[in-house]
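The opening residue of the sequence shown carries number 137 in the numbering used here; numbering runs sequentially from there.
What follows is a single structure, written as structure tokens, with notes after it.
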Amino acid sequence: EISGQAKRFLAACDNYVALVRDGSRIVDVKYFAALIYYDHNQLDAALERFDDIVANHPDHRLAYYSANLILDSHNLKQDFIGLNAAVGRLPKIKGVARGKLLEDLQRLQEGASFKACTGLEQNKAYAKAADCYVVFAGEYSGSEFLDKALYNAALNYERVNVIEKAIGARVKLLRSRPDSKLAPKSL
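And the structure:
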């Protein structure tokens, strides 16, 4: 819980943002408020402010750091669908998507896509998870997770009795990764 001086500082930040919309320090104020929420594990409030900075001030020096903290916040929340959405959205923002962040976003896109499928599976949305894994396999055919994605797709299709698609996923696994440890399990 945020209390004391930090709470008063947040109130002052909110007042500044409301009253001085075009102030020269507006992004700094938004960023420091977002950091307080982030540091107090109030990640939804932090994300709202970091997202605002990235969307409305992409060329500001703090937009780059805000983008990194957006990714970190979703990861801390274990919100892999939100992480995947951010990873898909952030590379399109020119002022933000540069340097190491751009490299990280490209690497994370694959992992976040796979985790989104895993999240659907954990929530027992088996048909959606199976479809998600198949889409992943199509988009990331060179992925180190390709065999796992196809195997998981087959398992999830079997859970919802869509046997034809389960067989199709297993066949794709055997053709694309015959040396996989999962290949014998697919027979």
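All residues carry an ideal CB built from backbone N, CA and C; glycine is no exception.
For clarity, every value in this text was computed on a predicted model and none was experimentally measured.
Taking a cut-off of 8 Å on C-beta distances, the stretch 173-189 touches the stretch 137-148, as three or more cross pairs fall below it. Non-local beta-carbon contacts of Ala-285 in its own chain, meaning distances under 6 Å to residues more than five positions away in sequence, involve Tyr-269, Phe-272 and Ala-273 in chain order. Straight across, the Cα-Cα distance linking Thr-254 with Ala-265 is about 7 Å.
Counting along the chain, the unbroken alpha helix (DSSP H) around Phe-145 starts and ends at 140-155. Just so you know, the alpha carbons of Ala-248 and Ala-222 end up roughly 9 Å apart. For the options Glu-137, Leu-179, His-196 and Ser-139, the alpha carbon positioned closest to that of Val-165 is the one of His-196. With 16 or more other CB atoms across the displayed protein chains lying within 10 angstroms of its CB, Leu-183 is buried. Lys-213 and Leu-179 do touch by the CB rule: their CB atoms are close to 5 Å apart, below 8 Å.
For Glu-246, the uninterrupted alpha helix (DSSP H) run begins and ends at 235-258, by DSSP.
Taking 8 Å as the cut-off, the beta carbon of Ile-299 is found no closer than this to the beta carbon of Ala-252. Between the C-alpha atoms of Gly-278 and Glu-137 there is a straight-line separation of about 45 Å.
Annotation: Gly-159 to Tyr-200 spans about 20 Å, alpha carbon to alpha carbon. By the neighbour-count criterion, in which 16 or more other beta carbons inside 10 Å mark a residue as buried, Asp-150 falls on the exposed side. Taking 8 Å as the cut-off, the Cβ atoms of Arg-311 and Asp-283 do not count as close. DSSP places Ser-279 in the coil class of the three-state scheme, outside both helix and strand. Shown here, Gly-231 sits in coil according to DSSP, grouped into three states, outside any helix or strand. By the Cβ neighbour-count rule, Arg-185 is buried, with 16 or more other Cβ atoms within 10 Å of its own.
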